[in-house]
Each structure stands twice: as structure tokens, then as C-alpha cells.
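Scroll down for the structure; my scribbles are underneath it.
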């Protein structure tokens, strides 16, 4: 009895491990939108919208209706191009890869001519970045980029896994500092996800504050930073409540 139950489970576990991270595109279903891109907003060249997706050299505008959390989102590119740079560490094999999607938009990889889905490319260098770019039209099914010459079934990941992958490049969260000000007050910030490069950290005054001369970041690293609040006056309370920080380490 033990053999009959254990062996199939072991085979299933092996199959799952081999299937892990088939899709090298992150947020291929446009489910993560941390920057809160608003439908039909014109983007300048290189400006990000849904996580990991940015406008091409000529800018981009696209429309969408965001469904329930985790459900892939259909988009319609009405102007310009939309692209994603896939980090080289996620392309360790090199060689041949296949890009697939559903919709009327055409795509290309690392420049060249646009083509319909599926698109197979060869000669990619192992460990080098690759850029997937779409022209005007619809993308109605998740975008997938995988090793090999065959377009396999879509590799759906959990919402939390997809968000974590996105946060390697962009992460944001609220922060509060409050205390009796003798001098500069500091708080430690630890990122949920280690960044792939030293991020640019921005603090936005979205909440309320009192007795604040300045608030800024210091000692920024790939794992976190220090937030320093300089009071306008000492020997009294100072606070910055519900401010928002963002850390950007896009490619």
C-alpha cells in the first residue's frame, strides 16, 4: 500500500519541480499593478505601467479592465509599443526560446521584425538580457517566454509568487516614524524581496506629519535602507505618519 501511494506522489513532485519557472516573462498576465497604471494613460519612453512592463522608445498607450486579483488581464495597445526586459539570470540555458500569447498584437525579441504568436528565436546568449516587445493590438492571453522550440501550456503562478518576482525590481509600502525628537530619528527598512541591483529609493509624503524638517533615506542596499527624520525643533514630538516609500531596481 505504501508503495502504491508514495511512488505516484514522488513522480508528481518531480514533474512539478521540472515545470517550475517555465515562463521567464514576469507578470505575463498583467495581474500585478503596483504603480496603479490607469487605463488609456499615455506613457513616455521607458516609463513603467503594470509591473515589469514599460513603454518602448516611442512611448505607449494601452487600455485594460483589471479583473479579480490573480485573473489574467486583457490589454489593448492603442499607440506605441510595450516591452519587458527579461533579466539574464533567468535565461541560463541560452539558445532557442519560444514566445507565445493570444491576441492581435505582434511581437519581437531583441529587435527585428514583428511576428504573430508563437514566435521562436535562436542564438540567445546564456545569461544575457532579452527584450520582448509588442506593437499595437490586443494581448488577450498571458505572455509566456520559455526555453526550447515548443509553446507549452501556460505556466500559471500564484498571485503571491508573481508579486514576489515583481518586487525584485519594484516594491513599495507605507512607513511611519514617530517619537520625541532629541535629534535626527531613524528607522530601519527591510525589503520583502532582495533587489537585483542597488535600488533608487523615493519617499512620498502621502500621510500626515508634524515638526518635520526633512525625511530621507540613507545606507541604501539591495536588502533595505535607513529612513532618517530630521525634526524642525528638538525637545518635542515629531512624526511622519503613513508616508510611502518605493524602491526601484528596474533593468
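In this note's numbering, the protein residues as written are 67 to 317.
Idealized CB from N, CA, C, for every residue including glycine.
Within this structure, are the beta carbons of residue 306 and residue 278 separated by less than 8 Å? Yes. Within cutoff.
Bridge-paired residues (DSSP) for residue 255: Partner(s): 291.
Using the C-alpha atoms, what's the distance from residue 177 back to residue 191? For residue 191 and residue 177, the distance between alpha carbons rounds to 15 Å.
Have a look at 126, 155 and 104 and flag the residue whose alpha-carbon is nearest the alpha-carbon of residue 92. Of the candidates 126, 155 and 104, the one whose C-alpha sits nearest the C-alpha of residue 92 is 155.
Residue nearest to residue 300 in terms of C-alpha spacing, selected from 276, 314, 288 and 241: Ranking 276, 314, 288 and 241 by CA distance to the CA of residue 300 puts 276 first.
Environment of residue 142 [buried if 16+ CB atoms lie within 10 Å]: Label assigned to residue 142: buried.
As assigned by DSSP and simplified to three states, the class of residue 227: In the three-state reduction of the DSSP assignment, residue 227 falls in the helix class, which pools H, G and I.
Secondary structure of residue 156, DSSP reduced to three states: Residue 156: helix per DSSP, three-state reduction.
Counting pairs of beta carbons, one from the region 243 to 251 and one from the region 125 to 145, are three or more of them closer than 8 Å? No, the region 243 to 251 does not touch the region 125 to 145.
Could you tell me if residue 242 is buried or exposed, where buried requires 16 or more neighbouring beta carbons within 10 angstroms of its beta carbon? Under this definition residue 242 is an exposed residue.
Residue 114 bridges to which residues according to DSSP? Beta-bridge pairing links residue 114 to 120.
Since residue 262 and residue 234 should fall inside the 8 Å C-beta cutoff, what is the C-beta to C-beta distance between them, to a whole number of angstroms? The Cβ separation is near 5 Å, so the contact holds.
Does the distance from the C-beta atom of residue 292 to that of residue 280 stay below 8 Å? Cβ distance not < 8 Å, so residue 292 and residue 280 don't count as in contact.
From which residue to which residue does the beta strand (DSSP E) around residue 308 run? Its beta strand (DSSP E) spans residues 302 to 314.
Beta-carbon contacts of residue 215 that lie in its chain and below 8 Å, excluding the five residues immediately before and after: Residues of the same chain with a CB within less than 8 Å of the CB of residue 215, apart from the 5 flanking positions on each side, are 162, 164 and 186 in chain order.
Going by CA-CA distance only, name the one from 196, 104 and 146 that's closest to residue 116. When each option's Cα is compared against that of residue 116, the closest is 104.
Please report the distance separating the alpha-carbon of residue 89 from that of residue 120. Each residue's CA atom was taken as its position, placing residue 89 and residue 120 some 19 Å apart.
Can you list, in chain order, the residues of its chain with a C-beta nearer than 8 Å to that of residue 146? Leave out the 5 residues immediately preceding and following it. 109, 121, 122, 124, 125, 126, 127 and 202, listed in sequence order.
If you count every other CB in all the chains shown that lies within 10 Å of the CB of residue 236, and 16 or more means buried, which is it? That one is buried.
With DSSP collapsed to three states, give me the class of residue 232. In this structure, residue 232 counts as helix in the three-state DSSP scheme.
Please state if the CB of residue 209 and the CB of residue 94 are separated by a distance shorter than 8 Å. Between residue 94 and residue 209, the C-beta gap is smaller than 8 Å, which places the two residues in contact.
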